[in-house]
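Q: At position 348 of the first sequence the residue is numbered 348 (our numbering), and the sequence of numbers has no breaks.
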Amino acid sequence: MKIYNTLSKRKEDFIPLEEGKVKMYVCGPTVYNLIHIGNARPMIVFDTVRRYMEYKGLEVNFVSNFTDVDDKIIKKAVEEGVEAAVISERYIAECKKDMAAMNVRPATTHPKATEEICGMLEMIGTLIEKGHAYAAPDGTVYFRTRNFAEYGKLSHKNLDDLQGGNRSLLVSGEDQKEDALDFVLWKPKKEGEPYWESPWCNGRPGWHIECSVMSKKYLGDKIDIHAGGEDLVFPHHENEIAQSEAANGKEFAKYWMHNAFLNIDNKKMSKSAGNFFTVRDISEKYDLQVLRFFMLSAHYRSPLNFSAELMEAAQNGYDRIVNSVSNLNYLLENVTSDTISETETALLKEAEGFTAKFEEAMDDDFNTADAIAAIFELVKFVNSNTDGEKSAVFLKALKDQIVKLSDICGLLVEKKTEDLDVDIEELIAARQAARKEKNFARADEIRDELLRKGIILEDTREGVKWKRV
RNA sequence: GGCGCCAUAGCCAAGUGGUAAGGCAAAGGUCUGCAACACCUCUAUCACCAGUUCAAAUCUGGUUGGCGCCUCCA
C-alpha cells in the first residue's frame with residue numbers, strides 16, 4: 001500500500017509503526033455552523049482510507065477532533081446571547097447527523113478541545129521549560145519558531161522566505177513577539193469570552209496546540225498518519241509539528257495526507273461569493289450517498305469541481321450500481337437452481353479480477369476513481385452474465401462482491417427489502433392481468449396510479465420489478 | 001515578491017516511457033405492447049513549441065492558460 005506523503009512529496013510504502021495497527025489523526029471541523037460540502041471531502045476521503053485499511057486487516061485507531069473553542073463560535077454565541085458551549089454542542093450534534101447520512105463512520109474517539117485544556121497547559125509548560133516558548137508580559141504565550149530548526153519541513157518553506165513575505169504582520173500584540181513568525185500557544189481572555197486559568201493568564205488556547213495535545217493523548221507521541229485539508233499544511237500542521245516535536249522530542253507523524261479543495265463552479269467556495277453549500281442543503285435534493293460517490297469519483301489530491309450537472313451525472317452513475325444489485329436480488333428471490341455449474345465457477349474466477357483491480361487502485365495512494373471504475377466493470381460483467389437460469393450460489397457471490405467493494409468506499413448500494421402494502425400488491429397483480437389480456441390502456445393507467453404512490457414498475461424478462469421513486 | 005500545483009473526448013476522470021481505463025451525456029441498434037432497466041455499436045493521438053529516446057500523454061526546456069498556499073478557512 002502506497003501513500004503520498006506531503007513531507008517527502010512522494011508516494012511511500014505504508015509501513016505501520018506497530019505491525020497490524022494504524023494510528024491516524026484527522027483534523028476535524030470548527031463547530032460554529034452546519035458543515036459545508038468542503039468539510040465533507042476530508043471526512044469522506046479519510047473515512048474511505050480507514051475502511052480500506054480495515055478491509056486489508058489493519059486495526060485503525062482513528063481520532064478526529066471537534067474544535068469547540070474559537071472566535072467564530074464565540075461570535076455566534078454572543079449574537080444568540082447564549083454560552084459558547086450551546087453553539088458548539090448544537091453543531092457537533094448536527095455534524096454527526098450529516099456524517100451518518102454520508103455513511104462516514106464515527107471516529108474511534110472524537111475529542112473536544114475544551115475537554116483537553118489540562119493537556120494543553122502541560123504541553124505549553126514543557127515547551128517553556130525547554131526554551132521553545134515564552135510568555136509575554138500580558139500573559140500571551142508564544143512558540144519560539146526560530147528555535148525549531150526543522151520549521152518549514154512540511155510546507156517546504158524556509159523562514160526567510162516567510163519573513164520576506166512583505167505582508168503587514170503587525171496585528172495587535174505583535175510588538176511583544178520576539179520574532180514576527182512566532183505563533184500563539186495561549187492567549188488572554190477578552191471580556192465575556194470563555195476562559196481557563198493558567199500559570200500565565202486567564203485565557204484560552206491558540207488554534208494549533210489542541211491537535212498536538214489530542215493526538216498525543218489518544219494516539220501517543222508518534223503516530224502513523226496525520227491528515228486534513230491541504231489548506232492546513234501551513235501554518236496549522238507545520239505548527240503542530242513544531243510544537244509536538246519540540247515538546248516530545250520525537251517525530252510527530254510518519255505520513256502526512258492532504259486532500260485537495262472542492263470548488264464550486266470552478267471557484268473557491270465562500271459565503272461572500274454566494275456559492276456556499278452546506279451538506280444539509282445537498283441532502284434536500286440528493287441522497288448523500290450520491291455526494292459520497294461524487295467525492296470519490298476523483299483522486300483525493302486533485303481539485304474537484306462541484307456543480308449541479310456533475311451531481312446529476314453522479315446520481316446516474318450511482319444508480320447504475322444500485323440497479324445492478326437490485327437486479328441480483330430480484331433474481332435471487334426467484335432463483336430455481338442452487339447448485340453451481342462449472343461455467344459459473346469459471347465466471348466467478350474471472351470476476352475476482354475486478355477485486356484485484358480494485359485493490360491495486362486503492363493500494364496506489366487510494367485511487368478511488370480507478371477503484372470505482374473497477375466496480376463499474378464488475379457491474380457490467382454482472383449485468384451481462386446473469387439471468388433467471390443462474391444458481392443461487394453464483395448470484396449471491398456476485399452480489400456480495402459488488403456490495404463488499406462498494407462498502408469499502410462507504411457506498412451503500414443495497415436498498416433494504418421491504419414489503420409492499422396489500423393494496424399495492426393487488427394493483428400490480430391487476431396490471432399483470434390486464435397486460436395478459438392486452439388491455440394496455442388499463443395497464444398503463446395502473447402504472448401511473450402506482451407512480452403517484454411513489455412506486456416505479458419495470459417489466460423485466462424475469463417478471464415485474466418495482467422500486468421507490 | 002516567495003513556494004507549489006494543474007492542463008487527457010461534449011462533461012467528469014484514470015493512466016507517469018511501449019502506443020489512450022471507467023462513468024455521465026448524445027446517436028444508432030437489440031430486447032419490450034409501451035416505458036424503464038439491461039446489452040451491443042459509435043466518439044480523443046492527450047494545451048502549444050522544441051528536445052531526449054528505437055519508443056513520450058508519460059522525461060527535459062520553453063510558451064500559453066487556469067489554480068493553490070504564504071491570512072480564519074477542509
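By construction, the Cβ of each residue, glycine as well, lies at the ideal position given by its N, Cα and C atoms.
Using the DSSP secondary-structure output, state which residues sit across from Ser-326 in a beta bridge.
A: If you number the first sequence from 1, residue 326 lands on position 326. Paired residues: none, contrary to the question.
Q: Can you give the Cα-Cα distance for Ser-168 and Ala-136, rounded to whole angstroms?
A: Locating residue 168 in the first sequence gives position 168, where the first residue counts as 1. Locating residue 136 in the first sequence gives position 136, where the first residue counts as 1. Per-residue confidence for Ser-168 stands at a pLDDT of 40, beneath the threshold of 50, marking its modelled position as unreliable; the derived number appears in the next sentence. Approximately 21 Å, taken between the alpha carbons.
Q: Could you work out which residue in Arg-144, Ala-346, Leu-127, Glu-359 is closest to Gly-249 when comparing CA atoms only?
A: Numbered from its first residue, the first sequence carries residue 249 at position 249. Of the listed residues, the one whose Cα sits closest to Gly-249 is Leu-127.
Q: What residue range is occupied by the uninterrupted beta strand (DSSP E) comprising Arg-10?
A: Position 10 of the first sequence, counted from the first residue, corresponds to residue 10. Here the beta strand (DSSP E) through Arg-10 covers 10 to 13.
Q: Alpha carbon to alpha carbon, how far is Pro-29 from Arg-51? Give it in angstroms, no decimals.
A: On the first sequence, position 51 is the one that residue 51 refers to. On the first sequence, position 29 is the one that residue 29 refers to. For Arg-51 and Pro-29, the distance between alpha carbons rounds to 21 Å.
Q: Can you give me the C-alpha to C-alpha distance between Lys-2 and Gly-20, rounded to a whole angstrom?
A: Here residue 2 refers to the residue found at position 2 when the first sequence is read from its first residue. Here residue 20 refers to the residue found at position 20 when the first sequence is read from its first residue. Answer to the nearest angstrom: the Cα atoms are 15 Å apart.
Q: CB Glu-59 to CB Met-214, shorter than 7 Å?
A: Numbered from its first residue, the first sequence carries residue 59 at position 59. Numbered from its first residue, the first sequence carries residue 214 at position 214. No, the Cβ-Cβ distance between Glu-59 and Met-214 is not below 7 Å.
Q: Using the DSSP secondary-structure output, state which residues sit across from Glu-458 in a beta bridge.
A: Walking along the first sequence from the start, residue 458 turns up at place 458. Glu-458 pairs with Lys-465.
Q: Which of the three DSSP states is assigned to Leu-219 in this structure?
A: In the first sequence, the residue the question calls residue 219 occupies position 219. It is helical.
Q: For Ala-227, which residues of its own chain have a beta-carbon under 6 Å away from its beta-carbon, when the five flanking residues on both sides are left out?
A: Within the first sequence, the letter at position 227 stands for residue 227. So the qualifying residues of the chain are Val-26, Phe-46, Met-257.
Q: If distances are taken between C-alpha atoms only, which option among Ala-133, Lys-153, Ser-155, Ile-402 comes closest to Thr-145?
A: Position 145 of the first sequence, counting from 1, holds the residue named residue 145. That would be Ala-133, whose Cα lies nearest to the Cα of Thr-145.
Q: So, are the CB atoms of Lys-390 and Leu-328 less than 7 Å apart?
A: Residue 390 sits at position 390 when you count from the first residue of the first sequence. Residue 328 sits at position 328 when you count from the first residue of the first sequence. Contact: no.
Q: Is it the case that the Cβ atoms of Phe-354 and Ala-374 are separated by a distance below 7 Å?
A: Here residue 354 corresponds to residue number 354 of the first sequence, with the count starting at 1. Here residue 374 corresponds to residue number 374 of the first sequence, with the count starting at 1. Going by C-beta atoms, Phe-354 is nearer than 7 Å to Ala-374.
Q: Looking only at its chain, what residues have a beta carbon closer than 6 Å to the beta carbon of Tyr-32, apart from the 5 residues adjacent to it on each side?
A: Counted from its first residue, the first sequence places residue 32 at position 32. These residues qualify, in order along the chain: Lys-72, Ile-73, Lys-76.
Q: To the nearest whole angstrom, what separates the beta carbons of Ala-260 and Leu-288, a pair I think is in contact under 8 Å?
A: As a working mapping, residue 260 is identified with position 260 in the first sequence. As a working mapping, residue 288 is identified with position 288 in the first sequence. Wrong, their Cβ atoms sit about 21 Å apart, outside the cutoff.
Q: Whole angstroms are fine: how far does the CA of Leu-450 sit from the CA of Asp-13?
A: Within the first sequence, residue 13 is the residue found at index 13, counting from 1. Within the first sequence, residue 450 is the residue found at index 450, counting from 1. For Asp-13 and Leu-450, the distance between alpha carbons rounds to 55 Å.
Q: Could you give the distance in angstroms between the alpha-carbon of Trp-466 and the alpha-carbon of Thr-417?
A: As a working note, residue 466 is residue 466 in the first sequence. As a working note, residue 417 is residue 417 in the first sequence. Distance between the alpha carbons of Trp-466 and Thr-417: 11 Å.
Q: Is it buried or exposed for Thr-386, if we count other Cβ within 10 angstroms and need 16 for buried?
A: Numbered from 1 along the first sequence, position 386 holds the residue referred to as residue 386. Per the 10 Å Cβ criterion, buried.
Q: Helix, strand or coil: which one does DSSP assign to Glu-377?
A: Taking the first sequence and counting its residues from 1, one reaches residue 377 at position 377. Glu-377: helix per DSSP, three-state reduction.
Q: When the Cα atoms are used, what is the spatial distance from Leu-17 to Ile-424?
A: On the first sequence, residue 17 is found 17 positions in, with the first residue counted as 1. On the first sequence, residue 424 is found 424 positions in, with the first residue counted as 1. Distance between the alpha carbons of Leu-17 and Ile-424 is about 58 Å.
Q: Could you pull out every unbroken alpha helix (DSSP H) segment of at least 4 residues lying fully inside the region 409 to 456, listed in chain order?
A: Within the region 409 to 456, the complete alpha helix (DSSP H) runs of at least 4 residues are 422 to 436, 440 to 452.
Q: Would you tell me roughly how many angstroms separate the C-alpha atoms of Arg-442 and Asp-319, rounded to the nearest one?
A: Locating residue 442 in the first sequence gives position 442, where the first residue counts as 1. Locating residue 319 in the first sequence gives position 319, where the first residue counts as 1. If you take the alpha carbons of Arg-442 and Asp-319, they lie about 29 Å apart.
Q: How big is the Cα-Cα spacing for Gly-203 and Glu-210?
A: To locate residue 203, count along the first sequence from 1; it is residue 203. To locate residue 210, count along the first sequence from 1; it is residue 210. Gly-203 and Glu-210: Cα-Cα distance of roughly 14 Å.
Q: Taking the runs of the beta strand (DSSP E) that are 3 residues or longer, which of them lie wholly in the region 250 to 275?
A: As far as the region 250 to 275 is concerned, its whole beta strand (DSSP E) runs of at least 3 residues are 253 to 259, 262 to 264.
Q: Counting along the chain, where does the beta strand (DSSP E) carrying Gly-203 start and finish?
A: Within the first sequence, numbered from 1, the residue matching residue 203 stands at position 203. Residues 203 to 205.
Q: Leaving aside the five residues before and after Ala-434 along the sequence, list all residues of the same chain whose C-beta is less than 8 Å from its C-beta, in chain order.
A: Residue 434 sits at position 434 when you count from the first residue of the first sequence. Phe-440, Arg-442, Ala-443, Ile-446.
Q: Tell me, to the nearest whole angstrom, how far the beta carbon of Tyr-218 is from that of Phe-183; I am working on the premise that it is less than 8 Å.
A: One-based indexing of the first sequence puts residue 218 at position 218. One-based indexing of the first sequence puts residue 183 at position 183. Not confirmed; about 23 Å, so no contact.
Q: Considering Cα atoms alone, identify which of Ile-92, Thr-140, Lys-153, Pro-194 is closest to Lys-176.
A: Along the first sequence, one-based indexing puts residue 176 at 176. Looking at the sequence shown, residue 176 is not Lys but Gln. Closest by alpha carbon: Thr-140.
Q: Please classify Asp-338: does DSSP put it in a helix, a strand, or coil?
A: Position 338 of the first sequence holds residue 338. Three-state result, Asp-338: coil.
Q: Less than 7 Å between the C-beta atoms of Pro-205 and Met-120, yes or no?
A: Counting from one through the first sequence, the residue named residue 205 turns up at place 205. Counting from one through the first sequence, the residue named residue 120 turns up at place 120. It is a contact, given that the beta carbons lie within the stated cut-off.
Q: Assuming the contact rule is C-beta atoms closer than 8 Å, Lys-96 and Asn-61 should be a hit. Round their C-beta distance to whole Å, please.
A: In the first sequence, the residue the question calls residue 96 occupies position 96. In the first sequence, the residue the question calls residue 61 occupies position 61. The Cβ separation is near 19 Å, so there is no contact.
Q: Excluding the five sequence neighbours on either side, which residues of its own chain have a C-beta within less than 6 Å of the C-beta of Ser-8, listed in chain order?
A: The residue given as residue 8 occupies position 8 in the first sequence. Nothing meets the Cβ criterion.
Q: Identify every run of the beta strand (DSSP E) within the region 38 to 119, keeping only runs that are complete inside it and at least 3 residues long; order them along the chain.
A: If we require 3 residues or more, the beta strand (DSSP E) runs fully inside the region 38 to 119 come out as 59 to 64.
Q: Output the boundary residues of the beta strand (DSSP E) element that contains Lys-187.
A: Sequence index remark: in the first sequence, residue 187 carries index 187 (1-based). 183 to 188 is the span of the beta strand (DSSP E), which, as asked, contains Lys-187.
Q: Assign Asn-239 to buried or exposed, taking buried as 16 or more other Cβ atoms, counted over all protein chains shown, within 10 Å of its Cβ.
A: By one-based count along the first sequence, residue 239 stands at place 239. Asn-239 is buried by the Cβ-count criterion.
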